[in-house]
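These notes are about the structure you will find just below.
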Amino acid sequence: MLQRVRDQTGKRVNLIHRLDRGASGALLFAFAQDNNSENSEKASCSITKALIEAMQSKDATKTYLALCDGDGMWNGANYLNKGWFTFDNPVQDENGNYIEDCRTDFQFIASKTMPLKEGDADEGRKITIVLARPHTGRYHQIRQHLSSGTLGHAILGDSSHGRSRTNRLWKKKYNLMKERVCLHLIRLQVPTTDYTDDIDVLSPLPPDLTKMLRNFPDLMEQARPILAKEGIIV
């Protein structure tokens, strides 16, 4: 991705934040050089550092849209009726060690269960649209939280924390792409720094997720009014 941006801009750039492999959405870069500055390298480092600190501040907001395996209900709880809520279960790092300080805000937006046809498996019939706003940036935090035993809504396509059989069914029936995690950073809000104005950008759903959701027009009709209240138009 860095090379693609460099090729398009003709300049070196620094990446301010990352997305999980297989996910999609808004990415923020800073130019690594400014030919109009007498001290371009120092200036670009200062801007990059300021943006990274702004991204990590409590005033920054990253809003993700996830397509999940489930109907909004789990262990007797109806998460579709909860509005925004905070989830703070521990998650594991890359080495399997548990990290206690990890918080994500979730809102379960809309769900659909496809009818069970003769000969069909019971798996792969449910989909829920979920918004997620992480307060901390732990390893696969949103993915681990959603797939936890408490929430029970693994993200579709997630080979690390999801259900392999369900993912295979979605690839076969509903156009889920190979190695795709249905997690999209749809809105990025970064506060003002000493060098930059505040940033508020929307990243439209990519064609592959749009194609999947065309299978469920009534699901999108449920979701649009709630998403619009969050400043998200799909």
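When we follow this note's numbering, the leftmost residue of the sequence shown carries the number 312, and every step to the right adds one.
Backbone N, C-alpha and C define an ideal beta-carbon position, used for all residues, glycine too.
Small disclaimer: the values here were computed from a predicted structure and weren't measured.
- Following the DSSP letters along the chain, one finds Arg317 inside the alpha helix (DSSP H) bounded by residues Leu313 to Thr320.
- Where Lys482 is concerned, the enclosing alpha helix (DSSP H) starts and stops at Ser475 to Lys484.
- Take Thr461, set aside five residues on each side of it, and the residues of its chain with a beta-carbon closer than 8 Å to its own are Trp385, Asn386, Phe398 and Asn400, in chain order.
- Pairing Asp505 with His451, the inter-Cα distance amounts to about 31 Å.
- About 20 Å separates the beta carbon of Ser514 from that of Leu487, a gap too long to meet the 8 Å contact definition.
- For Cys379, DSSP records a beta bridge to Thr439 and Ile466.
- Per the coordinates, the alpha-carbon of Gly448 lies some 13 Å from the alpha-carbon of Tyr375.
- In the three-state reduction of the DSSP assignment, Asn325 falls in the strand class, which pools E and B.
- Arg436 and Val512 have their alpha carbons spaced roughly 33 Å apart.
- CA-CA distance, Gly542 to Gln500, rounds to 11 Å.
- Non-local beta-carbon contacts of Lys373 in its own chain, meaning distances under 7 Å to residues more than five positions away in sequence, involve Arg444, Pro445, Leu496 and Leu499 in chain order.
- The straight-line gap separating the alpha-carbon atoms of Arg479 and Gly381 is approximately 15 Å.
- By the criterion of a C-beta distance shorter than 6 Å, Asn325 is surrounded in its chain by Ala341, Ala343 and Thr359, once the five residues flanking it on both sides are discounted.
- Burial of Met523 is indicated by the presence of at least 16 other C-beta atoms within 10 angstroms of its C-beta.
- Considered as a whole, the stretch 348 to 425 harbours 351 to 366 as its complete alpha helix (DSSP H) runs of no fewer than 4 residues, in chain order.
- Shown here for Tyr485: same chain residues with a beta carbon closer than 6 Å to its own, the five before and five after excluded, namely Met523 and Asn526 in chain order.
- Residue range Ile510 to Leu513 is occupied by the beta strand (DSSP E) that includes Ile510.
- In the three-state DSSP reduction, Ile497 falls in the strand class (E or B).
- Contact between Leu313 and Leu339 is absent: CB atoms are separated by about 12 Å, not below the 8 Å threshold.
- Taking C-beta atoms as the reference points, Ser470 and Arg454 fail to come closer than 8 Å.
- Within 10 angstroms of the beta-carbon of Gln367 lie fewer than 16 other beta-carbons, which makes it exposed.
- Measuring C-alpha to C-alpha distances from Cys356 to each of Asn406, Arg323 and Cys379 identifies Arg323 as the nearest.
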